[in-house]
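Each step along the sequence shown adds one to the number in the numbering used here, with nothing skipped, and position 271 is 907.
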Amino acid sequence: MIGKVLRGVRVQGLLRYLYGPGTNGEHHNPHIVAGFENAADLEPGVGPDGRRDFRHLEGLLTQPLALLGERNYRKPVWHCAVRAAPEDPVLTDGKWAQIATEIMKRTELAPAGDVDAVRWIAVRHADDHVHIVATLARPDGARPEVWNDGYRVREACRAVEERFGLRATAPADRTAARRPKCGETEKAVRRGQAVPSRTVLRRKVQTAAAGACSESEFFERLQADGVLVKRRFSQRTAGELTGYAVAAPGDVNADGKPVWYGGGKLASDLTLPKLRHRWAGADGAVRGSSASRPLDGRHLSERTKRAVLRTTVRRAADEARTTTEFLSRLQDYGLLVKVRDSQHTPSQVTGYAVAFPTGHDDEVPTWHAGSRLADDLSLTRLQQHWTWPATGPAPTIDDDLTVEERQAFYDDAARAAAHATAHLRRDLATNPHAGQDACWAASDALHAAAQATGNHHLRRAADTYDRAARAPYGRLPRPTPAGNALRTTARLLALTGAMDRTAVSAMLLISNLINLLDTIAELRRLQHRQAQADAARKATAQVRAAKPADPHNAPRPPAQAAMPSQARLAMTAFPNPWAPLPPTASSRPAPTGPTAPTNPSRRRR
């Protein structure tokens, strides 16, 4: 059962609508089933001409508003539409009266036994819903509070679902994202958009947050994706960034100005403070705009470590113009930096080395000198570049990766996802409530995988899983090894770019993501969060829903036949670039070497 609260100015127009034929003639036999007095006494009479006489009812409802005068709400008419599920049985007027009374009691607009409660009625003109109308003024001259009334309505609906055996719905735990309004949906239809701008922006913000390791990189990714960004600064502390808003190009209001959406208007976990929590260090402490979340080196191979360090160093060098600024940029990106001073001039820096942060104090970092990462990344070459900058555009991160390095990124991403799944499965047996951080980070992995692959099945799964990721009531989980592993997966996929057609490891990654979603669905079920469990289960089904796309019934190549069923289904879900080979190319040998899944232990992940 769903209840939706609306606010209005005039009760007269609302009554005439409820007793009228409706927009499409859907109103039948409108009548009052409950109210602040006996329903029969409140029912509008029918005049000699067959029309309803609303004067007495309107007077009763609006009379308390005159006592408040200037203290009235700007919209004093409280309107709540309550609808049962299509599969629920048709309820009698008596049960609908109990439902309306329960809602008014839970919202404290009309507590039981309060003779000076607000005046209200419940009108029924269809089998599956009623409309509750109240005026927000008490006969004793007090103004009732309606703060968070939508959550109280949700509690009442869940209570009557259990009482009457109706279909159970989700609690108002603030895990769902903000739904587009009717006007936004209609505007998208007029413009020929598949989804409203709010949905598109939420998807892009989630993808940018998943791939970023710091606040500055987050805004850069948004702007690179074509999103308009507006930063909000503190009015008390000069230069302090307190929030942001985004807009879609071409989405304007009646005045021709962009329609801005704050992060909190997209989803509860997309506000700037909560995004900063994602980029916090391993201890979970948020350090303001300088917070940075580096990759967890424990899940990276040596090839991946060198590639990530090289691309990060190159990016810092492109953004800097001096040695001091360059070293500071490296630290902002979460890397450990060690400098080499001149033996003749102690204050002069002649070289540097970088390393990933270690998980333990007694663990020795693995240092990589800049000249060992690339010839043009030695400090001498960089200083020459800053002195005489090149005229051409700087190379991008994606262009700096080889095919083998992208393959290693996918291998490590799949390994990190499997590591997180193993941690979650242990939580299933020991403490089901300890896996919240991994559930939250799984959303990052899905969005990053969808962005990197461009696959619509993964995109739908990431959108569907959205609700299963968040903790109830906006709680922020502490970082855990499983969550950090999934953030490593997301970050690697964001750095990868387009994959080659022979990327069999990408299939293994998809298989591991399916196993992860299965585990999270079971975890949410054990936590008694049915709506979140359903979201995770639906997301799993959307990834598994791929059917073999082989119109010529060609035999499957040996490499595909040896894959586990989940990976094989994932491969057929990717018509580009991972579609099964056509018959004309079936004579080519199956891929061998590091890209072929020849190790049975890897196939079981």
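Glycine included, each C-beta is placed from N, C-alpha and C at the ideal position.
### Query
Comparing alpha-carbon positions, which option in V863, T878, G899, S904 lies nearest A887?
Here residue 887 refers to the residue found at position 251 when the sequence shown is read from its first residue. Note that residue 887 is Asp in the sequence shown, not Ala. Of V863, T878, G899, S904, the residue nearest in Cα terms is V863.
### Query
Who are the near neighbours of V645 in its chain, counting only those whose CB is closer than 7 Å to its CB and skipping five residues on each side?
Indexing the sequence shown from 1 puts residue 645 at position 9. So the qualifying residues of the chain are K711, V713.
### Query
If we call anything under 8 Å between Cβ atoms a contact, is R790 one with A812?
Translated into positions along the sequence shown, residue 790 becomes position 154. Translated into positions along the sequence shown, residue 812 becomes position 176. No, Cβ-Cβ distance for R790 and A812 is not below 8 Å.
### Task
Report yes if the CB atom of L1082 is closer than 8 Å to the CB atom of L1159, and no otherwise.
Position 446 of the sequence shown, counted from the start, is the residue given in the question as residue 1082. Position 523 of the sequence shown, counted from the start, is the residue given in the question as residue 1159. No, the pair does not count as a contact, with Cβ atoms beyond the cut-off.
### Query
Quick one, which of V836, R1173, A1050 has its alpha-carbon nearest Y897's?
Along the sequence shown, read from residue 1 onward, the residue named residue 897 stands at position 261. Scanning V836, R1173, A1050 for the CA closest to the CA of Y897 turns up V836.
### First through last residue of the alpha helix (DSSP H) which encompasses W732
Position 96 of the sequence shown holds residue 732. 729-742 is the span of the alpha helix (DSSP H), which, as asked, contains W732.
#### Entry: Cutoff 7 Å; reference T731; Cβ partners in own chain excluding five residues on either side
In the sequence shown, counting from the first residue as 1, residue 731 sits at position 95. The question names Thr, yet the displayed sequence has Lys at residue 731. The answer, listed in chain order, is F800.
#### Entry: Selected residue, minimal CA-CA separation from H1245, among V754, T771, D729, Q1178
Residue 1245 lies beyond the residue range present for the chain, which begins at 637 and ends at 1241; the question has no answer from this structure.
### Query
Excluding five sequence neighbours on each side, which residues of the same chain lie with their C-beta closer than 8 Å to the C-beta of T878?
Against the sequence shown, residue 878 aligns to sequence position 242. Within the same chain, T878 has close Cβ partners R868, F869, S870, L908.
### Message
Tell me the rounded alpha-carbon separation between A1097 and A1105.
### Response
Taking the sequence shown and counting its residues from 1, one reaches residue 1097 at position 461. Taking the sequence shown and counting its residues from 1, one reaches residue 1105 at position 469. Answer to the nearest angstrom: the Cα atoms are 12 Å apart.
### Query
Does the Cβ of E804 have 16 or more other Cβ atoms within 10 Å, making it buried, or fewer, making it exposed?
Sequence index remark: in the sequence shown, residue 804 carries index 168 (1-based). Just to set this straight, residue 804 is Ala in the shown sequence, not Glu. Result: exposed.
### Query
Which residues bound the beta strand (DSSP E) around G1006?
For the purposes of this step, residue 1006 is taken as the residue at position 370 of the sequence shown. DSSP places G1006 in no beta strand (DSSP E) but in the uninterrupted alpha helix (DSSP H) bounded by 1006-1009.
### Query
To which residues of the same chain is A762 closer than 8 Å at the C-beta, ignoring the five residues directly before and after it?
Numbered from its first residue, the sequence shown carries residue 762 at position 126. Correct list, in chain order: E662, H663, H664.
### Message
As a quick exercise: from R774, G1006, T873, G671, pick the residue whose alpha carbon is nearest that of V975.
### Response
Here the question's residue 975 lines up with position 339 in the sequence shown. Checking every option, the nearest Cα to that of V975 belongs to G1006.
### Proximity to H1055 [Cα-Cα], best of T1038, Q829, E679, N1151
In the sequence shown, counting from the first residue as 1, residue 1055 sits at position 419. Nearest to H1055 by C-alpha distance, out of T1038, Q829, E679, N1151, is N1151.
### Endpoints, alpha helix (DSSP H) assigned at D977
For the purposes of this step, residue 977 is taken as the residue at position 341 of the sequence shown. In the DSSP annotation of this structure, D977 is not part of any alpha helix (DSSP H); the continuous beta strand (DSSP E) holding it starts and ends at 972-977.
### Message
I'd like to know whether the C-beta atoms of L911 and H767 end up nearer to each other than 8 Å.
### Response
Translated into positions along the sequence shown, residue 911 becomes position 275. Translated into positions along the sequence shown, residue 767 becomes position 131. No.
### Message
Count Cβ pairs between the region 1009-1028 and the region 1107-1126 that sit closer than 8 Å; are there 3 or more?
### Response
no
### Query
CA-CA distance, T1089 and A1053?
Looking up residue 1089 in the sequence shown gives position 453. Looking up residue 1053 in the sequence shown gives position 417. For T1089 and A1053, the distance between alpha carbons rounds to 16 Å.
### Query
Alpha carbon to alpha carbon, how far is R1161 from R1173?
Residue numbering aside, residue 1161 sits at position 525 when the sequence shown is read from its first letter. Residue numbering aside, residue 1173 sits at position 537 when the sequence shown is read from its first letter. For R1161 and R1173, the distance between alpha carbons rounds to 10 Å.
### Task
Please list, in chain order, all residues of the same chain as G933 whose beta carbon is under 7 Å from its beta carbon, the five residues on each side excluded.
By one-based count along the sequence shown, residue 933 stands at place 297. K941, F992.
### Query
Can you tell me whether R872 is buried or exposed, with buried defined as 16 or more other CB within 10 angstroms of its CB?
As a position in the sequence shown, residue 872 is number 236, starting the count at 1. Exposed.
### Task
Closer than 8 Å by C-beta to S937: which residues in its own chain qualify, once you throw out the five before and the five after it? Chain order, please.
For the purposes of this step, residue 937 is identified with residue 301 of the sequence shown, where counting begins at 1. Correct list, in chain order: A1044, D1047, D1048.
### Task
Kindly indicate which residue of V726, P1113, R1165 has the alpha-carbon position closest to the one of H913.
For the purposes of this step, residue 913 is identified with residue 277 of the sequence shown, where counting begins at 1. It is P1113.
### Query
Roughly how far, in whole angstroms, is the beta-carbon of M637 from the beta-carbon of V759, given that I think they are within contact range, below 8 Å?
Translated into positions along the sequence shown, residue 637 becomes position 1. Translated into positions along the sequence shown, residue 759 becomes position 123. No, M637 and V759 are not in contact; Cβ-Cβ is about 17 Å, not under 8 Å.
### Message
For A918 and G970, what's the separation of their Cα atoms in angstroms?
### Response
To locate residue 918, count along the sequence shown from 1; it is residue 282. To locate residue 970, count along the sequence shown from 1; it is residue 334. Because A918 sits at a pLDDT of 44, beneath the cut-off of 50, its placement in the model cannot be relied upon, and the point is left open.
### Query
Candidates G656, A846, V726: which alpha carbon is nearest L1131's?
By one-based count along the sequence shown, residue 1131 stands at place 495. Nearest of G656, A846, V726 to L1131, Cα basis: A846.
### For V641, the first and last residue of its enclosing beta strand (DSSP E)
Your numbering for residue 641 matches position 5 in the sequence shown. Where V641 is concerned, the enclosing beta strand (DSSP E) stretches over 638-644.
### Extent of the continuous beta strand (DSSP E) to which W756 belongs
Indexing the sequence shown from 1 puts residue 756 at position 120. It spans 756-760 - the beta strand (DSSP E) in which W756 sits, taken as one unbroken run.
### Query
Quick one: Cα of L1144 to Cα of V841, how far?
In the sequence shown, residue 1144 corresponds to position 508, counting from 1. In the sequence shown, residue 841 corresponds to position 205, counting from 1. L1144 and V841 have their C-alpha atoms some 27 Å from each other.
### Task
Run the CB neighbour count on L642, radius 10 Å, all protein chains shown included, and call it buried at 16 or more, exposed below.
Here residue 642 refers to the residue found at position 6 when the sequence shown is read from its first residue. So L642 ends up on the exposed side.
### Message
Using 8 Å for Cβ pairs, my map puts R707 next to R755. What's the rounded Cβ distance?
### Response
Position 71 of the sequence shown, counting from 1, holds the residue named residue 707. Position 119 of the sequence shown, counting from 1, holds the residue named residue 755. Incorrect: roughly 17 Å between the Cβ atoms, too far for contact.
### Message
With a threshold of 6 Å on Cβ separation, who are the neighbours of Y709 within its own chain once the five nearest residues in sequence on each side are excluded?
### Response
Start at 1 with the first residue of the sequence shown, and residue 709 comes out as number 73. Cβ neighbours of Y709 beyond the five flanking positions: L772.
### Query
Can the beta-carbon of R1051 be found closer than 8 Å to that of T1155?
Taking the first residue of the sequence shown as position 1, residue 1051 is located at position 415. Taking the first residue of the sequence shown as position 1, residue 1155 is located at position 519. No; because the gap between Cβ atoms is not below 8 Å, this pair is not in contact.
### Residues sharing a beta bridge with L864, DSSP
Indexing the sequence shown from 1 puts residue 864 at position 228. Answer is A883.
### Task
For A848, collect the residues of the same chain with a Cβ closer than 6 Å to its Cβ; drop the 5 residues on either side in sequence, then sort them by chain order.
Locating residue 848 in the sequence shown gives position 212, counting from the first residue. Closer than 6 Å at Cβ, skipping near neighbours: F854, R857.
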